[in-house]
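Visitor: Can you keep this structure in mind? I'll have questions shortly.
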Amino acid sequence: MSVEGFRRLLTLVSVGVSSYYLVWRLGTLNEEAMFFSVLLYSAELYGFLTSLLFFYMVWRLPERKPPPPPEGRTVDVFIPTLNESPEILRKTILGALEIRYPHRVFVLDDGNRPEIRRLCEELGAEYIARTENTHGKAGNLNHALERTDGEFIAVFDADHVPLPDFLDKTLGYFRDEKVAFVQTPQDFYNVDSYQHRIVRNRLWHEQSLFFRVIMRGKDRMNASFFCGSCAVIRRKALEDIGGFATGTVTEDLHTSIRLHARGWKSVYHPETLAYGVAPPTFKPFRTQRERWGQGAMQVFLRDNPLIKRGLSLSQRLNYFASMTTYFDGFQKAIFYTAPVVVLLTGTYPISVSLGEFLPVFVPHLFLSLWAFEEMSRGYGKFVLLEQYNMARFVSFMKAVLGFFSIKRPRFRVTDKENSGQVRWSEVVPQTLVLTASLLGILYALFNLDRVANRDLYVSNMFWAGINLSIAALCVLWTLRKKHKR
């Protein structure tokens with residue numbers, strides 16, 4: 086059996102065991118604490134459903150070999166900017182100018198800054214500015230679309246520096262006249278950022294699983310989406326949907342849904358062809374994730390993929406999976422607080438003994454984690470991902486709650502030049518999880534002789550200890566990350 090065959094077999098076994106566990110769990114709900122029981126069960130059920138969507142997306146990863154680029158096509162390179170520094174922009178402009186395939190470089194300055202105009206004149210890039218910032222980045226891109234005429238548009242964020250062969254590796258896919266855009270991975274050259282780690286002498290970052298595995302899986306089903314940078318888009322496709330989608334703070338995801346709904350194809354080329362700047366510290370990391378979540382909720386409201394006409398079933402499921410990930414924050418909050426509630430109140434969310442619970446729970450947990458690691462193809466890093474889940478769970482919750490807010494989210498550029506010491510005030514939620522877990526454990530130690538179902542009580546001490554450890558690792562990593570310019 087091949088490695089991939091084993092992974093799929095393991096996943097099927099894991100899904101079967103987890104299905105049995107969840108059905109069995111229905112009979113373990115504690116009628117004397119039904120709200121607590123149902124809340125925890127809902128979090129478990131949500132985790133199972135998101136796992137199913139994950140396994141569905143990454144079931145098979147296609148191989149992509151770029152066709153040779155067509156000759157004589159016209160390409161405009163767009164570099165949208167609002168308030169990024171000239172130092173950051175200089176690198177990106179120079180990289181864009183060095184792209185080998187014939188093209189024109191346009192800097193789209195929503196800040197209308199004289200120093201950026203002078204920088205463009207110095208380097209040889211063309212300059213387009215707006216006097217107003219209507220519709221944020223999407224409005225900036227649409228403004229430039231009206232003033233240029235290239236058949237294809239390559240888009241790079243102000244901090245993403247393309248490699249010289251970027252267009253050589255991506256334009257060939259457009260030989261298929263139905264291809265609307267080609268997306269490439271987003272990697273970063275500031276490898277000391279908040280989201281970077283070194284694991285067994287290999288560099289890993291918090292988005293590695295998404296760009297190395299999930300997007301490749303989506304590509305198999307014509308469901309990979311435009312990520313706002315490091316991509317090439319066919320002008321004709323944009324004109325077909327009226328330009329870049331406006332009205333949300335994630336114009337990339339929104340534009341992708343509209344293109345797919347119109348029958349256009351997408352391509353994900355898995356080779357890194359540009360390097361950018363990742364959020365250096367926790368605050369911009371948190372802000373960026375919250376904005377992504379807000380945008381996903383806005384798109385869900387305006388162009389819900391479950392009911393959007395023109396999408397295939399696979400595309401609906403893929404978009405739904407990407408949007409529902411922001412509900413993870415609520416699931417994590419339940420998992421972080423549940424053991425503390427048990428330890429402080431003696432109220433259990435299950436009605437069976439530990440001896441009855443573990444033989445069913447342990448195989449479910451073990452196989453779920455094993456299947457996740459295997460299907461992640463080495464990019465899962467479960468322990469690290471749990472630390473980042475801890476870091477962003479409140480941001481995800483705020484993004485979802487903003488869905489019900491009257492106040493409309495505004496597009497905010499992620500501050501990637503933020504420097505200085507991280508403050509304790511930035512990690513209050515994580516510190517609360519740490520403190521509550523510690524207090525729960527200490528209280529439990531003094532209360533052991535007075536509780537019913539002692540084994541189950543002790544198991545919740547262990548659970549709280551795991552949460553405490555994750556929170557401590559998250560807080561320590563956050564506080565030690567200091568941006569160095």
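Heads up, the sequence shown is in the working numbering, so the first residue is 86 and it goes up one at a time.
All residues carry an ideal CB built from backbone N, CA and C; glycine is no exception.
Here the structure is a predicted model, which is why all the values come from computation and not from measurement.
Mind reading off the beta-carbon distance from L125 to P434? Whole number of angstroms is fine, and I expect it under 8 angstroms.
Guide: Within the sequence shown, numbered from 1, the residue matching residue 125 stands at position 40. Within the sequence shown, numbered from 1, the residue matching residue 434 stands at position 349. That pair is a contact at about 4 angstroms.
Visitor: Could you work out which residue in F446, Y105, K368, L107 is closest to S510 when comparing CA atoms only?
Guide: Here residue 510 refers to the residue found at position 425 of the sequence shown. Closest option to S510, Cα to Cα, is K368.
Visitor: Answer yes or no: do T573 and L193 have a C-beta to C-beta separation smaller than 9 angstroms?
Guide: Nothing can be reported for residue 573, as the shown portion of the chain is limited to 86 through 570.
Visitor: For L452 versus V98, is the C-beta distance shorter than 9 angstroms?
Guide: On the sequence shown, residue 452 is found 367 positions in, with the first residue counted as 1. On the sequence shown, residue 98 is found 13 positions in, with the first residue counted as 1. Yes, the pair counts as a contact, with Cβ atoms nearer than the cut-off.
Visitor: Excluding the 5 residues flanking F329 on each side, which residues of the same chain have their C-beta closer than 6 angstroms to its C-beta?
Guide: Start at 1 with the first residue of the sequence shown, and residue 329 comes out as number 244. For F329, where only same-chain residues beyond five positions count, the Cβ hits under 6 angstroms are A223, L226, N227, E336, T340.
Visitor: Check whether the region 512-525 and the region 467-481 are in contact - that is, three or more C-beta pairs closer than 8 angstroms.
Guide: Flag = yes, the region 512-525 and the region 467-481 touch.
Visitor: In the DSSP output, which residue or residues are listed as bridge partners for F237?
Guide: Taking the first residue of the sequence shown as position 1, residue 237 is located at position 152. Note: F237 sits in a beta bridge opposite V160, R319.
Visitor: Less than 8 angstroms between the CB atoms is what I'm expecting for F457 and Y131, so what's the real figure, rounded?
Guide: Numbered from 1 along the sequence shown, position 372 holds the residue referred to as residue 457. Numbered from 1 along the sequence shown, position 46 holds the residue referred to as residue 131. Not really, about 15 angstroms apart at Cβ, beyond 8 angstroms.
Visitor: Closer than 6 angstroms by C-beta to D212: which residues in its own chain qualify, once you throw out the five before and the five after it? Chain order, please.
Guide: Within the sequence shown, residue 212 is the residue found at index 127, counting from 1. Contrary to the premise, residue 212 reads as Tyr rather than Asp in this sequence. Excluding positions up to five away in sequence, the list reads V192, R202, C205.
Visitor: For K393, which three-state DSSP category applies?
Guide: Stepping through the sequence shown from its first residue, residue 393 is reached at position 308. Correct three-state label for K393: coil.
Visitor: In the DSSP assignment, find the beta strand (DSSP E) that holds Q268 and state where it starts and stops.
Guide: Walking along the sequence shown from the start, residue 268 turns up at place 183. Taken as a continuous stretch (DSSP letters only), the beta strand (DSSP E) holding Q268 covers 264-268.
Visitor: What span of residues does the alpha helix (DSSP H) with H245 cover, start to end?
Guide: Residue mapping note: residue 245 aligns to position 160 of the sequence shown, counting from 1. First-last for H245: undefined, no H or E at that position.
Visitor: For W548, does the three-state DSSP call read helix, strand or coil?
Guide: As a first step, residue 548 must be located in the sequence shown, where it is residue number 463. Three-state result, W548: helix.
Visitor: Can you tell which of H188, G465, G332, H354 has its C-alpha closest to the C-alpha of F311?
Guide: Indexing the sequence shown from 1 puts residue 311 at position 226. Nearest of H188, G465, G332, H354 to F311, Cα basis: H354.
Visitor: Go ahead and pull the three-state DSSP assignment for R145.
Guide: The sequence position of residue 145 within the sequence shown is 60, counting from 1. Of the three classes helix, strand and coil, the one that applies to R145 here is coil, per DSSP.
Visitor: Around the Cβ of K417, are there at least 16 other Cβ atoms within 10 angstroms (buried) or fewer (exposed)?
Guide: Here residue 417 refers to the residue found at position 332 of the sequence shown. When all chains shown are included, K417 counts as buried.
Visitor: Quick one, are the C-beta atoms of R462 and V240 less than 9 angstroms apart?
Guide: Position 377 of the sequence shown, counted from the start, is the residue given in the question as residue 462. Position 155 of the sequence shown, counted from the start, is the residue given in the question as residue 240. No, they are not a contact pair.
Visitor: Quick check on DSSP: helix, strand or coil for R287?
Guide: The residue labelled residue 287 in the question sits at position 202 within the sequence shown. It is a strand residue.
Visitor: According to the neighbour-count rule (16 or more other Cβ atoms, all chains shown, within 10 Å of its Cβ), is N545 buried or exposed?
Guide: Residue 545 sits at position 460 when you count from the first residue of the sequence shown. Buried, by the Cβ-count rule.
Visitor: In three-state terms, what does DSSP make of V100?
Guide: For the purposes of this step, residue 100 is taken as residue 15 along the sequence shown, with counting starting at 1. Correct three-state label for V100: helix.
Visitor: Looking only at its chain, what residues have a beta carbon closer than 6 angstroms to the beta carbon of K569, apart from the 5 residues adjacent to it on each side?
Guide: Position 484 of the sequence shown, counting from 1, holds the residue named residue 569. Bear in mind that the predicted position of K569 carries a pLDDT of just 48, short of 50, making it too unreliable to give a figure here.
Visitor: According to DSSP, is F310 part of a helix, a strand, or is it coil?
Guide: Working through the sequence shown from its first residue, we reach residue 310 at position 225. DSSP places F310 in coil when its eight states are reduced to three.
Visitor: In the DSSP assignment, find the unbroken beta strand (DSSP E) run with V192 in it and report its ends.
Guide: The residue you call residue 192 lines up with position 107 of the sequence shown. Bounds of the beta strand (DSSP E) holding V192 are 189-194.
Visitor: What three-state label does DSSP hand R282 in the structure shown?
Guide: As a working note, residue 282 is residue 197 in the sequence shown. Strand at R282.
Visitor: Would you call the region 350-365 in contact with the region 400-408, where contact means no fewer than 3 C-beta pairs closer than 8 angstroms?
Guide: When C-beta atoms of the region 350-365 are compared with those of the region 400-408, fewer than three pairs fall below 8 angstroms, so the two segments do not count as touching.
Visitor: Any idea what DSSP makes of Y404, helix, strand or coil?
Guide: Taking the sequence shown and counting its residues from 1, one reaches residue 404 at position 319. Helix, per DSSP.
Visitor: Shortest alpha-carbon distance to D244 belongs to which of F273, D250, G257?
Guide: Residue 244 sits at position 159 when you count from the first residue of the sequence shown. With distances taken between Cα atoms, D244 lies closest to F273.
Visitor: Which first and last residues belong to the beta strand (DSSP E) in which V352 is found?
Guide: Position 267 of the sequence shown, counting from 1, holds the residue named residue 352. Boundaries of the beta strand (DSSP E) harbouring V352: 350-353, taken from the DSSP string.
Visitor: Can you check which of these residues, G332, L450, V384, is closest to S104 by C-alpha distance?
Guide: Position 19 of the sequence shown holds residue 104. When each option's Cα is compared against that of S104, the closest is L450.
Visitor: The alpha helix (DSSP H) spanning E458 covers which residue range?
Guide: The sequence position of residue 458 within the sequence shown is 373, counting from 1. Per DSSP, E458 is one residue of the alpha helix (DSSP H) stretching across 439-460.
Visitor: How would you label P155, buried or exposed, when you count the other beta carbons within 10 angstroms and need 16 or more for buried?
Guide: As a first step, residue 155 is located in the sequence shown; it is residue number 70 there, counting from the start. The residue in question, P155, is exposed, as its Cβ has fewer than 16 Cβ neighbours within 10 Å.
Visitor: Alpha carbon to alpha carbon, what distance is there between D534 and F139?
Guide: To locate residue 139, count along the sequence shown from 1; it is residue 54. To locate residue 534, count along the sequence shown from 1; it is residue 449. Roughly 43 angstroms between the two C-alpha positions.
Visitor: How about R281 and A214: do their beta carbons lie closer than 9 angstroms?
Guide: To locate residue 281, count along the sequence shown from 1; it is residue 196. To locate residue 214, count along the sequence shown from 1; it is residue 129. Per the sequence shown, residue 281 should be read as His rather than Arg. No, the Cβ-Cβ distance between H281 and A214 is not below 9 angstroms.
Visitor: Near T233, what residues of its chain come up, given a Cβ to Cβ distance below 7 angstroms and the 5 sequence neighbours on each side ignored?
Guide: In the sequence shown, counting from the first residue as 1, residue 233 sits at position 148. Excluding positions up to five away in sequence, the list reads D161, F191.
Visitor: Which of the three DSSP states is assigned to E211 in this structure?
Guide: Indexing the sequence shown from 1 puts residue 211 at position 126. If DSSP states are grouped into helix, strand and coil, E211 belongs with the strands.
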